[in-house]
Amino acid sequence: MSYLSIDHLEKSFGANRVVKDFSLAVEKGEFVSLLGPSGCGKTTVLRMVAGFESPTAGRIVIDGQDVTGLRANARNIGMMFQAYALFPNLTVAENVGFGLKVKGVPRAEREARVTEMLRLIGLPDFGARYPFQLSGGQQQRVALARALAPRPRVLLLDEPLSALDAKVRVSLRNEIRMIQRELGITTIFVTHDQEEAMSISDRIVVMNGGVADQVGTPFDIYNRPTTRFVAQFVGTLNTFDVTVRDAAAGQVDLAGQTLTLPEALQVSTPVIALRPEALHLGRVPGAEALLPARIDEVHFMGSVIRLRATMAGTRVSLDTFNRPDQPPPSPGTDVEISFSGRDAIVLRQ
Ligand code: ATP
55 MSYLSIDHLE KSFGANRVVK DFSLAVEKGE FVSLLGPSGC GKTTVLRMVA
105 GFESPTAGRI VIDGQDVTGL RANARNIGMM FQAYALFPNL TVAENVGFGL
155 KVKGVPRAER EARVTEMLRL IGLPDFGARY PFQLSGGQQQ RVALARALAP
205 RPRVLLLDEP LSALDAKVRV SLRNEIRMIQ RELGITTIFV THDQEEAMSI
255 SDRIVVMNGG VADQVGTPFD IYNRPTTRFV AQFVGTLNTF DVTVRDAAAG
305 QVDLAGQTLT LPEALQVSTP VIALRPEALH LGRVPGAEAL LPARIDEVHF
355 MGSVIRLRAT MAGTRVSLDT FNRPDQPPPS PGTDVEISFS GRDAIVLRQ
């Protein structure tokens, strides 16, 4: 049996069903992200696991114990929120030790644990400071230490990085992941940032309108989305209407080019999608198709350059790696773009 098991969870606020038959099994030590657009019910699921909201139906089991009817403070769960929820009138050490004090942990043990936690978050000498003397990133690290100090069974993270600037976000998310691995703590992370979810999760649950559309590894979610919503929400897609040439062989025609898809087709008028990295400037060896295109925009992003182009009457995005010896084509340039059916995603719904 899984360490954390969420079975057929439902939540309605009045007539509004915001979580619908949501089930998820999380293994011990796993890092699972709930990813989805604003209002899809991520936070509500997390709050039900924490015990801040009671489900309309369903069950939550942690380590063999049914906690569905248990009060939040009896669940032994650590939580970290978006806002820096530190107590402003307590020092860093007192903040980190707060949960231990509430639990009645003896002073000496508490102090040892606080020291250990401050070392873990890389702020060993910050115990005597007050929250206002810390940067946003440091405050969130202290919030993490405070959540972890009582050795919770599960760690719940509700968009803990969204108030931070881009660079701090990236370094802190890596740090959270490192600490989570080191402690082997089962973690659920809520975010609407797909890049963030993909970079740190063992598995991702993509939520849409209160249901889990797809659960899988970041690799599977990105490369094998099972619904159109998941395909479009995670990453960038170029979509094309195609005509079927041979459904059983997975062969379709796109603007006069024949593509062989990675799977047979069951539908008569499919739409296929190609990620920006599946389109190549010029002919690459082994490519099935080559079409003329015109460059519309060039976005230099550092290691990657995203080109926007018009190809066969469709606006497409194409990613290419930066090469210092080869500047990208300018807007207005006529180019050729090559691609292959084996890189395509077939969109069904
Ligand atoms: P966000 O990323 O914006 O936080 P979310 O996916 O976490 O979104 P939830 O906060 O779970 O979404 O909210 C889901 C829906 O439930 C929303 O439509 C919200 O307005 C509604 N909702 C949440 N809490 C309550 C409440 N206490 N009373 C009534 N409606 C609520």
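In our numbering, the protein residues as written are 55 to 403.
Note that CB positions come from ideal geometry on N, CA and C, so glycine has one too.
All of these numbers come straight from a predicted model, not from anything done at the bench.
Report task. Could you please give me the residues that DSSP links to residue 295 through a beta bridge? Result -> Per DSSP, 325.
message: Let me check one thing: in DSSP terms, what residues is residue 351 bridge-paired to?
response: Bridge partners of residue 351: 362.
* Asked: Would you report the Cα separation of residue 378 and residue 293, rounded to the nearest angstrom?
  -> Residue 378 and residue 293 have their C-alpha atoms some 31 Å from each other.
Residue 86 versus 269, 314, 221, residue with shortest Cα-Cα distance: The option with the nearest alpha carbon to residue 86 is 269.
Next on the checklist: Using the three-state DSSP reduction, which class does residue 212 fall into: helix, strand or coil?
Outcome noted: In this structure, residue 212 counts as strand in the three-state DSSP scheme.
Exercise for review: Measuring alpha carbon to alpha carbon, tell me which of 264, 256, 80, 240 ends up nearest residue 71.
Suggested key: Among 264, 256, 80, 240, the Cα nearest to that of residue 71 is on 264.
Please classify residue 98 as buried or exposed, where buried requires at least 16 other C-beta atoms within 10 Å of its C-beta. Flag for residue 98 reads buried.
| Hey, quick one: how far does the beta strand (DSSP E) through residue 401 stretch, first residue to last? | Per DSSP, residue 401 belongs to the beta strand (DSSP E) from 399-401.
Would you kindly work out how many angstroms separate the C-alpha atoms of residue 260 and residue 90, rounded to a whole number?
-> Straight-line Cα distance between these residues: approximately 6 Å.
Excluding the 5 residues flanking residue 81 on each side, which residues of the same chain have their C-beta closer than 7 Å to its C-beta? 56, 57, listed in sequence order.
Exposure label - residue 355; buried when at least 16 CB within 10 Å:
The residue in question, residue 355, is exposed, as its Cβ has fewer than 16 Cβ neighbours within 10 Å.
Compute the Euclidean distance between the alpha carbons of residue 116 and residue 207, then round it to the nearest angstrom.
-> Within the model, the alpha-carbon separation for residue 116 versus residue 207 is close to 8 Å.
For this session: Say whether the segment 275-287 touches the segment 297-309, bearing in mind that this needs 3 or more beta-carbon pairs closer than 8 Å, one atom from each stretch.
Result: No, the segment 275-287 does not touch the segment 297-309.
**OP:** Output the distance between the C-alpha atoms of residue 203 and residue 153, rounded to the nearest integer angstrom.
**Re:** One C-alpha to the other measures close to 7 Å.
Taking residue 334 as the reference, give the member of 148, 320, 358 with the closest Cα.
The candidate whose alpha carbon is nearest that of residue 334 is 358.
Checklist line | At least 3 beta-carbon pairs within less than 8 Å: the segment 382-397 vs the segment 307-325 | finding: The segment 382-397 is in contact with the segment 307-325.
Notebook entry, point to check: Touch check for the segment 156-163 and the segment 211-219: three-plus C-beta pairs under 8 Å?
Noted result: Per the Cβ contact rule, the segment 156-163 is not in contact with the segment 211-219 (fewer than 3 Cβ pairs under 8 Å).
DSSP has residue 171 in a bridge; who is on the other side? DSSP lists no partner for residue 171.
query = Taking the runs of the alpha helix (DSSP H) that are 4 residues or longer, which of them lie wholly in the segment 257-306?
reply = Positions of the alpha helix (DSSP H) runs, each at least 4 residues long and wholly inside the segment 257-306, are given as 272-277, 282-287 in order along the chain.
| Closest to residue 324 by CA distance: which of 342, 339, 301 is it? | Of the candidates 342, 339, 301, the one whose C-alpha sits nearest the C-alpha of residue 324 is 301.
Confirm, please, whether the CB-CB distance from residue 348 to residue 386 is below 9 Å.
-> The beta carbons of residue 386 and residue 348 sit closer together than 9 Å.
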